[in-house]
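Q:
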Amino acid sequence: MLILAFQDDHAVVHLMSDTERMSLLAGDGAVPPGAEIEVAITDELAAFTGDFVLDTDRAWDLVNDFIHQGRADQAPRAGETLTTSNAQ
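Using this note's numbering, read the sequence shown as starting at 46 and increasing by one per residue.
1. Cα separation between A50 and I112?
2. Suppose only complete runs of 3+ residues qualify. What are the beta strand (DSSP E) ranges in the stretch 46-97, listed by chain order?
3. Tell me whether L90 is buried or exposed, calling it buried when 16 or more other Cβ atoms sit within 10 Å of its Cβ.
4. Can you find the residues in the same chain that come closer than 6 Å, C-beta to C-beta, to A80, ignoring five residues on each side of it along the sequence?
5. Report the residue from G72, Q52, G74 whose alpha carbon sits nearest the alpha carbon of D88.
6. Three-state secondary structure (DSSP) at D17?
7. Looking only at its own chain, which residues have a Cβ that is under 8 Å from the Cβ of P14, when we skip the five neighbours before and after it?
8. Counting only the same chain and skipping the five closest in sequence on each side, list residues whose C-beta sits under 8 Å from that of H55.
9. Give me, in chain order, the residues of the same chain whose beta-carbon lies closer than 7 Å to that of M46; leave out the 5 immediate sequence neighbours on both sides.
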């Protein structure tokens, strides 16, 4: 499952490969690494550092690429790094 969370010009892309694993796409420099941005996830705002924040247009392009690839194991990487953490 691919999740796109966004607020204004900032977005965060999540990839859930199963119920125990979630990956965040590395940021594209739209926000400095130490800065925090809040994006809407369900009905709440969640804070992410610039390490994981993308420009909304870039995020939509990656989601579109992912849709056309159609496979979770070929997530849109285009030189990006995925960081993996265990979901709580």
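For every residue, glycine included, the Cβ atom is placed at its ideal position computed from N, Cα and C.
A: To lay it out plainly:
1. Taking the first residue of the sequence shown as position 1, residue 50 is located at position 5. Taking the first residue of the sequence shown as position 1, residue 112 is located at position 67. Roughly 16 Å between the two C-alpha positions.
2. 47-52, 55-63, 66-70, 81-86, 89-94
3. Numbered from 1 along the sequence shown, position 45 holds the residue referred to as residue 90. Classified as exposed, L90 has fewer than 16 neighbouring CB atoms from the shown chains inside 10 Å of its CB.
4. Locating residue 80 in the sequence shown gives position 35, where the first residue counts as 1. The beta carbon of A80 lies closer than 6 Å to those of G95 in the same chain, with the five residues before and after it left out.
5. Stepping through the sequence shown from its first residue, residue 88 is reached at position 43. When only C-alpha atoms are compared, the closest one is Q52.
6. In the structure displayed, the chain extends from 46 to 133; residue 17 sits before or after that span and is not available.
7. It is not possible to answer for residue 14, since the shown part of the chain is limited to 46 through 133.
8. Locating residue 55 in the sequence shown gives position 10, counting from the first residue. Within the same chain, H55 has close Cβ partners A75, V76, I82, V84, V98, L99, D100, T101.
9. Position 1 of the sequence shown, counted from the first residue, corresponds to residue 46. Same-chain partners within the cutoff: M61.
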